[in-house]
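A.B. asks:
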Amino acid sequence: MLAAPAYGYRRVRVDAAGQPARNEEEVAGTLWEVSPVEADVVKNIYGQRASGTTLSKIARKLNQQKVLPPRPRDGSKSLWLGSTVSNIIRNPIYRGDFVYRGSASYRYSSKKAGLIADNKAQTFSRPHLRLVDDSLWHQCNKVKGYTGQKTRSDHLLAGLVTCGICGGNLSLTSPSHTSRVLYCSACASRKAVSPDLPAQTSGAGVDGVLELLGAVIKQVVADPDVLIAYRERLADKLKTDDMQAVTRLRKEIRIQEKAYQGILAQYISSGDDTLVDSISRLFTCLTTMKEECRALEQQILVTDPDNIRKQQEITTEEIIHQLLQDTQHLARLRPILKKLFPVIEFCGRTPKKACLFEIHMDIGVAVATATNSEEIEEHVITAQYTVQASHTRPTTWKIDRLCEIIA
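In full-length UniProt numbering, the protein residues as written are 1 to 407.
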């Protein structure tokens with residue numbers, strides 16, 4: 001079977017005949033088999049859902065019973081969430097159907113790696129893995145509730161700000177609110193199913209965050225030490241890249257791609273689960289080689305002497321002017337905001353109720369954008385800031401840097 005086992009199953013290493021391998025030398029592939037304890041949990045989840053129990057109540061009960069959730073990370077306080085329960089209910093493997101290329105993450109990674117032109121899902125019957133009957137599965141999936149689909153926001157901060165407690169992306173309140181707020185929906189869900197765990201319960205005003213990002217650009221670019229250090233890195237880039245390495249990689253990629261497509265076609269036509277390990281190894285190898293090749297090609301492109309000269313000669317004032325030349329600067333910078341600010345982390349509120357952020361800004365992206373050239377060198381600057389609204393109207397924002405800028 002491709003991929004890691006779903007909750008309720010475990011991986012078994014088998015020999016070429018499909019029997020459990022007795023030692024490492026006999027291992028030819030892997031199969032899934034039912035894990036009795038977890039299988040009982042799955043059946044119980046379907047039973048509760050069929051009786052009308054909400055997803056969050058099912059999750060809360062499992063947490064109270066101290067049932068381990070799917071694939072808990074070592075040392076982490078993993079929890080059952082409503083979304084975890086929903087993922088189990090919607091997974092067709094529990095009615096005995098394995099869907100190959102069925103997950104959004106698999107289709108995305110395959111498309112990104114350029115490995116598969118046809119990403120259509122394929123279903124393979126696995127009756128020995130069935131845990132619930134078809135009628136119960138369909139009954140549970142007709143119940144209204146969490147669908148696992150997230151509504152994409154068009155706001156320029158969408159997906160940019162993360163929670164300092166759980167690491168998840170912050171959500172935005174509805175546009176109908178007078179003043180929109182960024183808050184952690186994941187922490188809110190955790191709080192609902194396990195009130196004792198730490199959670200981010202406060203939010204940050206969107207207007208204040210936008211004001212903060214503009215101030216960070218000005219402060220970082222205006223620091224002379226930052227630009228000096230960046231220019232020194234640029235000087236080190238004036239070296240000839242070895243095109244032979246790219247040529248060798250391209251040739252090896254073509255060979256591995258042919259092997260991958262061949263074994264993948266064999267698996268699809270035969271359903272032979274012993275081929276899984278070979279497919280996984282080839283996929284990982286191909287992805288790594290393609291990423292390495294793209295990085296080398298990009299490096300050769302951006303180390304053009306003209307690009308380097310432009311980025312070395314631009315002044316602080318010119319960078320700030322190009323990035324912040326109008327009141328809509330952040331909207332204009334939207335296409336590169338995620339690269340310009342690789343980390344915008346909301347850490348919570350200070351005792352004085354100011355919002356605390358840790359922000360990483362890439363000066364390399366800022367200079368490349370200001371000079372309308374390719375990014376040559378990553379140079380990330382990290383600092384902590386507080387932002388607080390005034391008590392008077394119209395609102396003004398007080399922004400302070402709490403620590404020295406760290407390159």
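Where is the CB? At the ideal position from N, CA and C, for every residue including glycine.
DSSP three-state call for ASN169: helix, strand or coil?
C.D. replies: strand
A.B. asks: Alpha carbon to alpha carbon, how far is ARG190 from SER56? Give it in angstroms, no decimals.
C.D. replies: Pairing SER56 with ARG190, the inter-Cα distance amounts to about 9 angstroms.
A.B. asks: Could you tell me which residues DSSP pairs with GLY348 in its beta bridges?
C.D. replies: LEU356
A.B. asks: Could you tell me the alpha carbon to alpha carbon distance between ILE45 and PRO20, rounded to whole angstroms?
C.D. replies: 30 angstroms
A.B. asks: Going by the beta-carbon positions, is the gap between LEU182 and GLY214 smaller than 9 angstroms?
C.D. replies: no
A.B. asks: Among LEU79, VAL276, ALA235, ALA259, which has the Cα closest to the Cα of TYR100?
C.D. replies: Looking at the Cα atoms, VAL276 is the closest of the given residues.
A.B. asks: To the nearest angstrom, report how far apart PRO195 and VAL85 are at their CA atoms.
C.D. replies: 18 angstroms
A.B. asks: Whole-angstrom Cβ separation of PRO69 and TRP80, contact assumed at under 8 angstroms?
C.D. replies: 5 angstroms
A.B. asks: Please report the straight-line C-alpha distance between LEU129 and SER35, rounded to a whole angstrom.
C.D. replies: 10 angstroms
A.B. asks: Would you mind reading off the limits of the beta strand (DSSP E) that contains GLN322?
C.D. replies: Run containing GLN322: none in the beta strand (DSSP E); it sits in the alpha helix (DSSP H), 316–323.
A.B. asks: For VAL380 versus ILE319, is the C-beta spacing smaller than 9 angstroms?
C.D. replies: no
A.B. asks: Which residues mark the beginning and the end of the beta strand (DSSP E) in which THR382 is found?
C.D. replies: 380–389
A.B. asks: Identify, in the order they occur along the chain, each residue of the same chain with its Cβ nearer than 7 angstroms to the Cβ of GLY159, setting aside the five sequence neighbours on each side.
C.D. replies: ASN169
A.B. asks: Span of the alpha helix (DSSP H) holding GLY214?
C.D. replies: 206–222
A.B. asks: Distance, Cα to Cα, ALA117 vs TYR230?
C.D. replies: Note on ALA117: pLDDT 49, under 50, position unreliable in the model; no value is reported.
A.B. asks: To the nearest angstrom, how far is the alpha carbon of CYS166 from that of ILE89?
C.D. replies: 25 angstroms
A.B. asks: Quick check: what's the CA-CA separation for ARG11 versus GLY82?
C.D. replies: 26 angstroms
A.B. asks: Just to confirm, are LEU210 and ILE359 a CB contact at a threshold of 9 angstroms?
C.D. replies: In this structure, the beta-carbon distance from LEU210 to ILE359 does not fall below 9 angstroms.
A.B. asks: Report all residues from its chain with a CB closer than 8 angstroms to the CB of CYS347; omit the five preceding and five following residues, and keep chain order.
C.D. replies: GLY164, LEU356, PHE357, GLU358, GLN384
A.B. asks: What residue from CYS285, ILE300, ALA199, ASP326 has the CA that sits closest to ALA259's CA?
C.D. replies: Taking only the C-alpha atoms, the option nearest ALA259 is CYS285.
A.B. asks: Near GLU378, what residues of its chain come up, given a Cβ to Cβ distance below 7 angstroms and the 5 sequence neighbours on each side ignored?
C.D. replies: ASP362, GLY364
A.B. asks: Figure out for me which residue from ARG294, GLN299, ILE268, GLN261 has the closest Cα to the Cα of PHE283.
C.D. replies: GLN261
A.B. asks: How would you call ILE255, buried or exposed, if buried means at least 16 neighbouring beta carbons within 10 angstroms?
C.D. replies: exposed
A.B. asks: Just tell me which of GLY47, SER125, LYS338 has its CA closest to the CA of GLY271.
C.D. replies: SER125
A.B. asks: Excluding the 5 residues preceding and the 5 following GLN200 in the sequence, name in chain order all residues of the same chain whose CB lies nearer than 6 angstroms to its CB.
C.D. replies: CYS163, ILE165, CYS184, CYS187
A.B. asks: Determine the direct distance from the alpha carbon of GLN311 to that of SER373, and round the result to whole angstroms.
C.D. replies: 8 angstroms
A.B. asks: Give me the residue from VAL246, ALA370, GLN298, LEU131 with the minimum Cα distance to ALA39.
C.D. replies: LEU131
A.B. asks: Could you please give me the residues that DSSP links to THR162 through a beta bridge?
C.D. replies: ASN169, GLU345
A.B. asks: Once you ignore the five residues that flank ASP133 on each side, which residues in its own chain have a CB closer than 6 angstroms to its CB?
C.D. replies: none
A.B. asks: Hey, which unbroken runs of the alpha helix (DSSP H) at 4 residues or more fall wholly within the stretch 246–317?
C.D. replies: Those alpha helix (DSSP H) runs which fall completely within the stretch 246–317 and span 4+ residues are 276–302, 305–313.
A.B. asks: For TYR146 and THR54, I'd like the C-alpha separation in whole angstroms.
C.D. replies: In this predicted model, TYR146 has a pLDDT of only 48, less than 50, meaning its place in the structure is not dependable; the value taken from the coordinates is given anyway. Their Cα atoms are separated by approximately 9 angstroms.
A.B. asks: For LEU156 and LEU330, which I take to be in contact (beta-carbon distance under 8 angstroms), what is that distance rounded to the nearest angstrom?
C.D. replies: 6 angstroms
A.B. asks: Alpha carbon to alpha carbon, how far is ALA59 from TRP397? Give it in angstroms, no decimals.
C.D. replies: TRP397 and ALA59: Cα-Cα distance of roughly 40 angstroms.
A.B. asks: As a quick exercise: from ASP97, GLU317, PRO342, THR386, pick the residue whose alpha carbon is nearest that of THR350.
C.D. replies: Checking every option, the nearest Cα to that of THR350 belongs to THR386.
A.B. asks: Tell me VAL12's beta-bridge partners as DSSP assigns them.
C.D. replies: Looking at the DSSP assignment, VAL12 forms a beta bridge with LEU31.
A.B. asks: Tell me, please, which residues DSSP counts as bridged to VAL181.
C.D. replies: GLY205
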